[in-house]
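Asks: Sequential numbering of the first sequence, starting at 68, is according to the numbering used here.
Think of the CB as a built atom: it goes at the ideal place given N, C-alpha and C, for glycine as much as any other residue.
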Amino acid sequence: MKKYNFSEIEEKWQKKWEEAEIYRAKFRSEKKKFYVLEMFPYTSAQIHMGHVRNYTIGDVIARYKVMKGYNVLHPIGYDAFGLPAENAAIKHKVDPKEWTYNNISTIRRQLKKLGLSYCWEREVITCTPEYYRWNQFFFIEFFKRGLVYKKKSPANWCPSCQTVLANEQVVDGKCWRCGSIVEQKELSQWFIKITDYAEKLLDFSGIKNWPERVILMQKNWIGKSTGCEIVFHLVEINQPIKVFTTRADTLFGVTFLAISPYHPVVSEIIKKSPYKEEVKKFVEKVRKTSLSVEDVLKTEKEGIDTGISAINPANGEKVPVWIGNYVLMEYGTGAVMGVPAHDQRDFEFAKKYNLPVKIVIKNPEWEKIPEEIEAAYEGEGIMVNSGIFDGLESNKGKEEVCKWLERKRKGKEAVYYKLRDWCISRQRYWGTPIPVVYCEKCGIVPVKEEDLPVKLPEKIEITGKGKSPLENVEEFVKCKCPECGRDARRETDTMDTFVDSSWYFLRYASGDTENKPFDKKEVNYWMPVDQYIGGIEHAILHLLYSRFFVKALKDMGYVDFDEPFENLLCQGMVIKDGAKMSKSKGNVVDPEEMIEKYGVDTLRLFILFAAPPELDLEWSEKGIEGCWRFLNRVWNLNQKISEYKSSGNGNDKKLEILIHKTVKGVSEDIEKGFHFNTAIAKMMEFTNAITKMINEKNVSEIKLKEVWSKFIKLLYPFAPHISEELWEMAGNKNFLFFEKWPEFKEEILTEEKVTIVIQVNGKVRGKIEVPPGLKEEEVFNLILKDEKIARWIEGKEIVKKIFVPDKILNIVVK
RNA sequence: GCCGGGGUGGCGGAAUGGAAGACGCAACGGACUUAAAAUCCGUUGGGAGCUUGCUCCCGUGAGGGUUCGAGUCCCUCUCCCGGCACCA
Numbered sequence: 068m069k070k071y072n073f074s075e076i077e078e079k080w081q082k083k084w085e086e087a088e089i090y091r092a093k094f095r096s097e098k099k100k101f102y103v104l105e106m107f108p109y110t111s112a113q114i115h116m117g118h119v120r121n122y123t124i125g126d127v128i129a130r131y132k133v134m135k136g137y138n139v140l141h142p143i144g145y146d147a148f149g150l151p152a153e154n155a156a157i158k159h160k161v162d163p164k165e166w167t168y169n170n171i172s173t174i175r176r177q178l179k180k181l182g183l184s185y186c187w188e189r190e191v192i193t194c195t196p197e198y199y200r201w202n203q204f205f206f207i208e209f210f211k212r213g214l215v216y217k218k219k220s221p222a223n224w225c226p227s228c229q230t231v232l233a234n235e236q237v238v239d240g241k242c243w244r245c246g247s248i249v250e251q252k253e254l255s256q257w258f259i260k261i262t263d264y265a266e267k268l269l270d271f272s273g274i275k276n277w278p279e280r281v282i283l284m285q286k287n288w289i290g291k292s293t294g295c296e297i298v299f300h301l302v303e304i305n306q307p308i309k310v311f312t313t314r315a316d317t318l319f320g321v322t323f324l325a326i327s328p329y330h331p332v333v334s335e336i337i338k339k340s341p342y343k344e345e346v347k348k349f350v351e352k353v354r355k356t357s358l359s360v361e362d363v364l365k366t367e368k369e370g371i372d373t374g375i376s377a378i379n380p381a382n383g384e385k386v387p388v389w390i391g392n393y394v395l396m397e398y399g400t401g402a403v404m405g406v407p408a409h410d411q412r413d414f415e416f417a418k419k420y421n422l423p424v425k426i427v428i429k430n431p432e433w434e435k436i437p438e439e440i441e442a443a444y445e446g447e448g449i450m451v452n453s454g455i456f457d458g459l460e461s462n463k464g465k466e467e468v469c470k471w472l473e474r475k476r477k478g479k480e481a482v483y484y485k486l487r488d489w490c491i492s493r494q495r496y497w498g499t500p501i502p503v504v505y506c507e508k509c510g511i512v513p514v515k516e517e518d519l520p521v522k523l524p525e526k527i528e529i530t531g532k533g534k535s536p537l538e539n540v541e542e543f544v545k546c547k548c549p550e551c552g553r554d555a556r557r558e559t560d561t562m563d564t565f566v567d568s569s570w571y572f573l574r575y576a577s578g579d580t581e582n583k584p585f586d587k588k589e590v591n592y593w594m595p596v597d598q599y600i601g602g603i604e605h606a607i608l609h610l611l612y613s614r615f616f617v618k619a620l621k622d623m624g625y626v627d628f629d630e631p632f633e634n635l636l637c638q639g640m641v642i643k644d645g646a647k648m649s650k651s652k653g654n655v656v657d658p659e660e661m662i663e664k665y666g667v668d669t670l671r672l673f674i675l676f677a678a679p680p681e682l683d684l685e686w687s688e689k690g691i692e693g694c695w696r697f698l699n700r701v702w703n704l705n706q707k708i709s710e711y712k713s714s715g716n717g718n719d720k721k722l723e724i725l726i727h728k729t730v731k732g733v734s735e736d737i738e739k740g741f742h743f744n745t746a747i748a749k750m751m752e753f754t755n756a757i758t759k760m761i762n763e764k765n766v767s768e769i770k771l772k773e774v775w776s777k778f779i780k781l782l783y784p785f786a787p788h789i790s791e792e793l794w795e796m797a798g799n800k801n802f803l804f805f806e807k808w809p810e811f812k813e814e815i816l817t818e819e820k821v822t823i824v825i826q827v828n829g830k831v832r833g834k835i836e837v838p839p840g841l842k843e844e845e846v847f848n849l850i851l852k853d854e855k856i857a858r859w860i861e862g863k864e865i866v867k868k869i870f871v872p873d874k875i876l877n878i879v880v881k
């Protein structure tokens, strides 16, 4: 008997598939399409098990959908710009481009080894001028419509390296390379106005099936809150100041105002404050401290009395104005009303500085208003000490106070979002140059469309010192103003790589990309992506930015749909010994080694079988051996079947039911939630059962061969190489890829016999084999003859019987 | 703190409110072999009983509830994982 020689088989079919170009996607408007997409790999390293899992899931779906008759698009590309290339350049003196392309060729070779059904002709590499040119094009389109703008914003700055650091390069508030304390430095940076789309991004009605948690995470990230904008009056400065609150019902409990050290009015306050020096010192101190997340949390609430006072518009009361380090400038109005009795932060602040606590909402659990409280009461209640609003429910009070203020022109209803504009400036080399020119006369001028792309200069020196590597490239910086033609300077910031990944899926979906970002007609045909697959780590940024891009492009008339990804599957991590695979833990399993040892089909099968896609997958060498054994059994069974001779046909019907059951099970497992693990289990059950039947020699060879060829088709999306080989061995000349997925008939599934479970008082007391479709009475009469069951009913009063046809009979006795 | 998700054999994991533990791994027994590996055939949640292949009891984090019947639905608690977090 010939042994299962996986390496020979896999090499053979990968070559044949490539030669026949079977995966090339074609635009065919009359055919129903299916777009399967996996998040493209970052070109910083080799392929790891996480990628194998991601791409295998996509590949099964793609192959299955083709067999189901869809016109499938299944592309791949490389996320090729970004920091790692530049870091490698600094560390090992290699050219970022060379480094990136080396990695790409490794990754491409690995992907091909995995036997994935990609349309390679559509490969996208984001660091090519052919691609990033369109990043620049869209930037300018956005610019024209006021969707990009420049503003000062703090950036992480390492004073020793003299460079800007990305958030991930700041470790414990220190520079990852030299360990100096990272400072915040105000830099003028480019922003995309994603906040204009906050409301549209909160609308998920165009999405069919995303994990609930991803939608939730996006909603929280956007963070819409409806409340009231209230105008206080600053007495000594004689100007108004706005605060935002979601609890206008607590307005009468305000005992101070707290404003952010970054608030524009601070300079005015310093001028008028009786404690000028102290206030100035405090503000400077706060502004110096690092803004990293951990630090902010650790920082204790601190503030300083400015000596300035404000008038509460509700009751004309004068309250002190403080500057507080806990007031964010980036959210709301940069100033908050302090209500210690009903806000825990304000409470802590008030306790620390001995500010009064005034209760204006009565907790229903209180019998009377307490003299003192130990914590703020943030719940609902009845309004007290609130003038005309006394006795009103706080819930209603929120709106009533707001309306009342509106009539007095001292406030209005307002909506605020946590979402901030998207900073796309990177003071880095390896990215898309921002296509803008600075002219002394004309100011900020976008590069003309016909002059795109603004090419990234090659072979430049990257030291990691100084602001941006591009600033030192004279030929790049020096240019002419597109408007007036005078000497001008080029922008040296490059774009965030999230810009690249916000529309790559549109580029894939376009056959013709010669002189345009994509072909509208083709993109409208293929899009939206029917199934997107990737890691949960992109739940917010990448997915939100892509949604924004598509919505903005729709508004600009480039596309006709408004969601990029209709269905999303977030696959779990591949872990070993309970931890994510990583070099530092030394628990990495190299996919290529596994392919060498067991073959791709076995690797794919194991990775699909070991856990459902959305759960973490524990790597197990023993587990992969189990899948290896399964494929060998399939291989050996195939030989047995090809040599099988028998005239018996007693089990033909049973075999027919078995294959229909398997087809149904596998199809449904794929359809509802991609339960590949149970689909594979069903195929294993099938082979176990068919083995027995072959040994019994009671099936006809015609039936056996017919059923077996259906099974090979089921196996194909999971283990395509071996399936294709078996298919050919059976004498077929065509590729399995173009075969129709087997169908099942429900009526064949009605078996000759069903097992009815007999329960007495809900406990299983027996089971009987009967022909299907028996009535309750018939079943009951049968069990009376069955001693084992009957003795549980004997001498008891039958209260009632519950009967589920062909399934269960439960007899309730007393 | 807030918001999600989840606790099922020795392990990975199955179970439209209807036989808990499919399938795989590990383990054990047997066949083949001089022997081992590989392969094939069995057994395998825990406990008790005897006539040794059958009977009964217990069992899905803990406690309660709904139901003829709960891993599944409801309530309380507990532990684990993930996200967010001075967002006014």
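Considering only residues of the segment 640-710, which uninterrupted beta strand (DSSP E) runs meet the minimum length of 3 residues and lie entirely inside it, listed in chain order?
Replies: DSSP runs (the beta strand (DSSP E)) wholly in the segment 640-710: 641-643.
Asks: So, helix, strand or coil for Arg-175, using DSSP?
Replies: In the structure shown, Arg-175 sits in a helix (DSSP, three-state: H, G or I).
Asks: Can you find the residues in the same chain that come closer than 6 Å, C-beta to C-beta, to Trp-775, ignoring five residues on each side of it along the sequence?
Replies: The residues are Ile-708.
Asks: Using C-beta distances below 6 Å, list every residue in its chain close to Asp-126, excluding the 5 sequence neighbours before and after it, in chain order.
Replies: Leu-183 and Ser-184.
Asks: Could you check if Gly-533 is buried or exposed, using at least 16 other CB atoms within 10 Å of its CB as the buried criterion?
Replies: Exposed, since its Cβ has fewer than 16 Cβ neighbours within 10 Å.
Asks: Where does the unbroken beta strand (DSSP E) through Val-824 begin, and where does it stop?
Replies: Note, Val-824: beta strand (DSSP E), 821-827.
Asks: Is Pro-584 closer than 9 Å to Pro-631 when the C-beta atoms are compared?
Replies: Cβ atoms of Pro-631 and Pro-584: not closer than 9 Å.
Asks: Where DSSP assigns a beta bridge to His-300, which residues make up the other side?
Replies: In DSSP, His-300 forms a bridge with Pro-307 and Ile-378.
Asks: Please state the DSSP three-state secondary structure of Val-403.
Replies: Strand at Val-403.
Asks: Taking Trp-695 as the reference, give the member of Met-661, Gly-715 and Leu-684 with the closest Cα.
Replies: The shortest Cα separation from Trp-695 among Met-661, Gly-715 and Leu-684 belongs to Met-661.
Asks: Could you name the residues that DSSP lists as bridge partners for Met-450?
Replies: According to DSSP, Met-450 bridges with Ile-428.
Asks: Assign Asn-582 to one of two classes, buried (16 or more other C-beta atoms within 10 Å of its C-beta) or exposed (fewer than that).
Replies: Asn-582 comes out exposed.
Asks: According to DSSP, is Gly-601 helix, strand or coil?
Replies: Residue state, collapsed to three classes: strand.
Asks: When we look at the beta-carbon of Arg-280 and count the other beta-carbons within 10 Å, is it buried (16 or more) or exposed?
Replies: Flag for Arg-280 reads exposed.
Asks: Determine the DSSP secondary structure at Ile-371, reduced to helix, strand or coil.
Replies: Here Ile-371 sits in strand by DSSP.
Asks: Helix or strand or just coil, what does DSSP make of Tyr-216?
Replies: In the structure shown, Tyr-216 sits in a strand (DSSP, three-state: E or B).
Asks: Does Ser-96 pass the burial test, meaning 16 or more other C-beta atoms within 10 Å, or should it be called exposed?
Replies: With fewer than 16 Cβ atoms within 10 Å of its Cβ, Ser-96 is classed as exposed.
Asks: What first and last residue would you give for the alpha helix (DSSP H) that runs through Val-281?
Replies: Looking at the DSSP string, the run of the alpha helix (DSSP H) that includes Val-281 is 279-289.
Asks: Quick one, which of Leu-318, Trp-859 and Asn-170 has its alpha-carbon nearest Glu-467's?
Replies: Per the Cα distances, Leu-318.
Asks: On the CB-based measure, 16 or more other CB atoms within 10 Å of its CB, does Trp-224 come out buried or exposed?
Replies: Burial call: buried.
Asks: What is the DSSP secondary structure of Asn-799, reduced to helix, strand or coil?
Replies: Coil at Asn-799, not helix or strand.
Asks: Need the endpoints of the alpha helix (DSSP H) that Trp-775 sits in, please.
Replies: Per DSSP, Trp-775 belongs to the alpha helix (DSSP H) from 768-782.
Asks: Go ahead and pull the three-state DSSP assignment for Asp-554.
Replies: Here Asp-554 sits in strand by DSSP.
Asks: Quick check on DSSP: helix, strand or coil for Leu-140?
Replies: Strand.
Asks: If you follow the beta strand (DSSP E) that Trp-187 is part of, which residue opens it and which one closes it?
Replies: No beta strand (DSSP E) holds Trp-187; DSSP gives it neither H nor E.
Asks: DSSP state of Glu-105, grouped into three classes?
Replies: Residue state, collapsed to three classes: strand.
Asks: Taking the straight line between their C-alpha atoms, what separation do you get for Lys-419 and Leu-254?
Replies: For Lys-419 and Leu-254, the distance between alpha carbons rounds to 35 Å.
Asks: Report the option in Ile-455, Gly-458, Phe-414 and Glu-473 whose CA atom is closest to the CA atom of Tyr-444.
Replies: Comparing Cα positions, the closest option is Phe-414.
Asks: DSSP state of Thr-317, grouped into three classes?
Replies: DSSP places Thr-317 in helix when its eight states are reduced to three.
Asks: Which residues does DSSP pair with Lys-479 in a beta bridge?
Replies: Beta-bridge pairing links Lys-479 to Glu-296.
Asks: Following the continuous beta strand (DSSP E) through Gln-638, name the residue where it begins and the one where it ends.
Replies: Run containing Gln-638: 635-638, per the beta strand (DSSP E) assignment.
Asks: Based on the DSSP output, what are the partners of Met-116 in its beta bridges?
Replies: Answer is none; Met-116 lacks a bridge partner.
Asks: Which residue's Cα is closest to the Cα of Lys-739: Lys-759, Phe-753 and Leu-636?
Replies: Among Lys-759, Phe-753 and Leu-636, the Cα nearest to that of Lys-739 is on Leu-636.
Asks: Express the C-alpha separation of Leu-782 and Glu-768 in angstroms, rounding to a whole number.
Replies: Distance between the alpha carbons of Glu-768 and Leu-782 is about 21 Å.
Asks: Looking only at its own chain, which residues have a Cβ that is under 8 Å from the Cβ of Met-623, when we skip the five neighbours before and after it?
Replies: Cβ within range, chain order: Glu-208 and Arg-212.
Asks: Would you mind stating whether Leu-537 and Thr-559 have Cβ atoms separated by less than 9 Å?
Replies: Yes, the Cβ-Cβ distance between Leu-537 and Thr-559 is below 9 Å.
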